[in-house]
Amino acid sequence: GNAWEERAAFDKKPKKYHLVKVDAERERSIANLLKPFDVEIEDDIVEQQQPTNKNANKNDAPKYPASKLPVPLQHAIKALTDSTMLTQAMRTAGIDTDAMPLGRLTKEDIEAAKQILADIRKLLHKIHPPATPAAAEEKADEDDEEEENEDEDEENEDEEDEERPKKKKKTAAAPATATGGEKPKELTLDEARVFFEQIAELSNRFYELIPHANYTVESIPPLDNENLLNEKFTMLGNLAEIQTASKILLGAHYRAKELNPLDYCYSAMNIRLNDIEKETDEYKTLMTYIKNTEQGALRGKFITNIYNLQRKGEPERFQKWEDLHNHQLL
1 GNAWEERAAF
11 DKKPKKYHLV
21 KVDAERERSI
31 ANLLKPFDVE
41 IEDDIVEQQQ
51 PTNKNANKND
61 APKYPASKLP
71 VPLQHAIKAL
81 TDSTMLTQAM
91 RTAGIDTDAM
101 PLGRLTKEDI
111 EAAKQILADI
121 RKLLHKIHPP
131 ATPAAAEEKA
141 DEDDEEEENE
151 DEDEENEDEE
161 DEERPKKKKK
171 TAAAPATATG
181 GEKPKELTLD
191 EARVFFEQIA
201 ELSNRFYELI
211 PHANYTVESI
221 PPLDNENLLN
231 EKFTMLGNLA
241 EIQTASKILL
251 GAHYRAKELN
261 PLDYCYSAMN
271 IRLNDIEKET
281 DEYKTLMTYI
291 KNTEQGALRG
301 KFITNIYNLQ
311 RKGEPERFQK
321 WEDLHNHQLL
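What follows is the structure in structure tokens.
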């Protein structure tokens, strides 16, 4: 292990705890900033005004500069930039937000975690070499043929009285690897053990980088199958988006004295968001879709606005289908 008095030169040891450096002052500062914006939107102010207090707080200066966005758009951006929603999204993904609060999430950690998953995948492919598409198709054809032969055998058995020997089933050969048609070399027990130990070590490093709420008191499962790896890759993709969103929120707080936070966030998203007019065919069609498919928690909900969102570069990407006659809303 490591002596505590020598922690400045900490050296990570196999199967031992990892030292996590925490900048408490920085995290407190970020935590104070990453709070929902206290932005008053025009129609909210009108609704909150009461006749008895119309002269109250008359001299109070607004907290932020006035927004230049349309009121419906302000509501949408305010909902999308709610930091509590981002934290909840992390919890839903299984992240321990006490060990890794929103402000501590870094792009470098996410990229390092992705590399660990890629390294684990390479080890898994050494243990279980992936089959080529051609080999998988050939195996499926063999299985179908075998099932047909077995069905024929059963029919013949019903017709014949004498007993006849059963047809032997084919043994499954090891799949051909993606690099060629040769069978992969069968691993010895010692070789397989070494690979699984490496997977366990890499799994520990992954959980150190990305703390999971489910395993604070339980044993951590190794990432030893493709389904788990795919699940974690998806989770890291979501975390990367959350980390980008948190940077936008911090920037909005930093510029809050000169620019309304909602306007800053909208500009940083690099999108065009428009409120769809209720009288348009597009709005009516979407409402029909919603009504015909609503179920569960969505049933009976009241739709206040529907928005049209366009990301940068989308018009250019869709232009080659401009002459297509059957455009549909999906």
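Read left to right, the sequence shown gives residues 1 to 330 (UniProt numbering).
Cβ atoms here follow ideal geometry from the backbone N, Cα and C, with glycine treated the same way.
Asked                                                                                                           : Found
Cβ-based burial, Ser219 [other Cβ within 10 Å; buried from 16]                                                  : exposed
Leu69, enclosing alpha helix (DSSP H) - first and last residue                                                  : First-last for Leu69: undefined, no H or E at that position.
6 Å Cβ shell around Gln74 - same chain, five flanking residues per side excluded                                : Ile41, Ser67 and Leu262
One or two residues paired with Gln310 in a DSSP bridge                                                         : Arg272
Bridge-paired residues (DSSP) for His125                                                                        : Paired residue(s): none; His125 is not in a bridge.
Reduced DSSP category for His253 - H, G, I as helix; E, B as strand; rest coil                                  : helix
For Ile95, the residue or residues it bridges with in DSSP                                                      : His212
Glu282 - containing alpha helix (DSSP H), residue span                                                          : Asp281 to Thr293
Backbone CA spacing between Leu202 and Gln319 [nearest angstrom]                                                : 45 Å
Beta-carbon separation (whole angstroms), Leu286 vs Tyr307, contact threshold 8 Å                               : Not really, about 10 Å apart at Cβ, beyond 8 Å.
Asn225 versus Phe196, Ile242 and Ala213, residue with shortest Cα-Cα distance                                   : Phe196
CA-to-CA distance, Lys35 to Cys265, given in whole angstroms                                                    : 14 Å
For Val39, the three-state DSSP class (helix, strand or coil)                                                   : coil
C-beta contact flag for Asp275 and Asn305 at 7 Å                                                                : yes
As assigned by DSSP and simplified to three states, the class of Glu186                                         : coil
Tyr264, DSSP secondary structure in three states                                                                : helix
Beta-carbon proximity of Ala200 to Pro222, cut-off 7 Å                                                          : yes
Whole-angstrom distance between Lys114 and Tyr289, CA atom to CA atom                                           : 38 Å
Through-space distance from Asn292 to Leu123, alpha-carbon basis                                                : 48 Å
Simplified DSSP assignment, three categories, for Ser219                                                        : coil
Own chain partners of Leu117 with C-beta closer than 8 Å, once the 5 adjacent residues on each side are dropped : Phe206, Leu223, Leu229, Lys232, Phe233 and Leu236
Ile303 (DSSP reduced to helix, strand or coil)                                                                  : coil
CA-to-CA distance, Gln310 to Glu322, given in whole angstroms                                                   : 16 Å
Closest Cα partner of His212 within the set Leu80, Arg91, Val39 and Ala79                                       : Arg91
The stretch 78-93 in contact with the stretch 241-251 per 3-pair CB rule at 8 Å                                 : yes
Best match in Pro315, Thr280 and Lys257 for proximity to Pro62 [C-alpha to C-alpha]                             : Lys257
Whole-Å CB distance - Leu239 paired with Leu105, under 8 Å assumed                                              : 6 Å
Rounded C-alpha distance that separates Glu6 from Ile127                                                        : 39 Å
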